[in-house]
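Here is the structure we will look at, set down as structure tokens.
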Amino acid sequence: MNVRTRLARPADAEALARLAAVTFPLACPPSTTAESIADFIAGHLTEPHFTGYLADPDRTLYVAEPDDSPAGAALAASEAVVATGGLIGWSMLVSTPGGVPADADAAASVTARPAIELSKMYVHPAVHGAGVAGALMETTLDAAARAAASVVWLGVNQENRRAIRFYEKQGFEVVGTKRFRVGDRLEHDYVLERPLAEDAPPATGPISVLP
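Under my numbering, the residues of the sequence shown are numbered 91 to 301, in order.
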């Protein structure tokens with residue numbers, strides 16, 4: 091995949107909102123209602139929300155977009171990518187005081203401090219399996235390491251098998267569970283973590299939670 095990653099800019103807020111509206115529903119289990127998904131997007135993933143996230147010193151956002159190669163230009167011109175303002179992936183790191191996860195369940199599960207949260211990691215469905223997620227993850231983990239965190243953690247829905255497999259391949263392992271509200275529903279997430287020390291071996295962790 092011909093892709094480049096970069097730090098998100100204030101001008102990306104509208105495109106980020108468009109992309110989030112496409113990608114967030116894919117992370118929800120089939121039982122999540124359209125109303126609950128719409129409520130979450132309206133409450134957390136609109137252009138004004140992204141404007142706020144981009145101005146927040148405790149949040150760092152990265153985006154993926156097609157590069158300038160012929161293949162990248164063709165992707166950028168596709169209807170699906172034009173509809174998301176040219177972006178094909180995004181991530182968000184969140185720093186918290188003392189590196190202690192703000193979520194109580196995550197704080198009880200994550201094994202090291204300071205910890206930094208990989209709050210969001212989404213890729214356009216048009217490029218699933220094309221290496222975009224790996225490139226975006228590499229950029230994001232590099233940023234987490236530069237933030238002097240010892241470990242990066244995230245929450246992922248227990249039914250999102252595709253995402254869980256991807257995170258495990260990236261060196262994350264399941265260390266606990268937490269709840270996540272989508273609209274009027276409480277979803278059940280796994281808490282995963284990955285060490286950031288340069289000499290840390292790739293995490294193999296316990297036997298995968300997936301069959």
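Note that CB positions come from ideal geometry on N, CA and C, so glycine has one too.
How far does the alpha helix (DSSP H) with residue i in it reach, from first residue to last?
i, result
"ILE178", "Taken as a continuous stretch (DSSP letters only), ILE178 belongs to no alpha helix (DSSP H), as it is neither H nor E."
"SER199", "194-199"
"VAL217", "That residue, VAL217, is in no alpha helix (DSSP H); it is neither H nor E in DSSP."
"VAL190", "Premise fails: VAL190 is in no alpha helix (DSSP H) and is neither H nor E."
"ALA170", "169-172"
Going by alpha carbons, who is nearest to residue i out of the options?
i, options, result
"PRO187", "PRO138, ALA239, ALA163, MET227", "ALA239"
"VAL93", "LEU226, ALA117, GLU283", "LEU226"
"PRO119", "GLN248, TYR257, ARG255, GLU263", "GLN248"
"ARG255", "ASP232, ASP193, GLY224", "GLY224"
"ALA145", "ASP279, VAL281, PRO100", "PRO100"
"LEU208", "ASP193, ALA216, GLY219, ALA220", "ASP193"
"ALA98", "SER199, VAL272, ALA124, SER181", "SER181"
"LYS210", "GLY162, HIS134, THR123, GLY176", "HIS134"
Suppose the cutoff is 6 Å on Cβ atoms and the five residues either side in sequence are ignored; what does the same chain contact list for residue i look like?
i, result
"PRO115", "ILE127"
"HIS139", "none"
"GLU283", "VAL200, VAL241, TRP243, VAL265"
"THR229", "THR95, TYR152"
If I measure Cβ to Cβ from residue i and keep anything under 7 Å in the same chain, skipping five residues before and after, which residues do I get?
i, result
"ALA235", "LEU286"
"ASP157", "ASN92, VAL93, ARG94"
Excluding sequence positions up to five away, which residues of its chain have a Cβ less than 8 Å from the Cβ of residue i?
i, result
"VAL222", "MET91, VAL93, ALA154, ILE178, GLY179, VAL213, HIS214"
"ASP148", "VAL184, SER185, THR186"
"PRO296", "With a pLDDT of 41 at PRO296, under the threshold of 50, the modelled position of that residue is not reliable, and the figure given next carries that caveat. GLU263, VAL264, listed in sequence order."
For the beta strand (DSSP E) that residue i lies in, which residues bound it at each end?
i, result
"VAL213", "205-213"
"VAL93", "93-97"
My assumption, with CB atoms under 8 Å, is that residue i sits in contact with residue j. Please give the rounded CB distance.
i, j, result
"ALA253", "VAL246", "5 Å"
"PHE270", "GLU263", "Going by Cβ atoms, the distance from PHE270 to GLU263 rounds to 19 Å, so no, they are not a contact pair."
"ASP195", "THR267", "7 Å"
"VAL190", "ALA198", "Going by Cβ atoms, the distance from VAL190 to ALA198 rounds to 11 Å, so no, they are not a contact pair."
Length-filtered (4 minimum) alpha helix (DSSP H) runs lying within the segment 111-160: 124-134, 137-145
Secondary structure, alpha helix (DSSP H): runs of 4+ residues fully inside the segment 222-297: 222-236, 251-259
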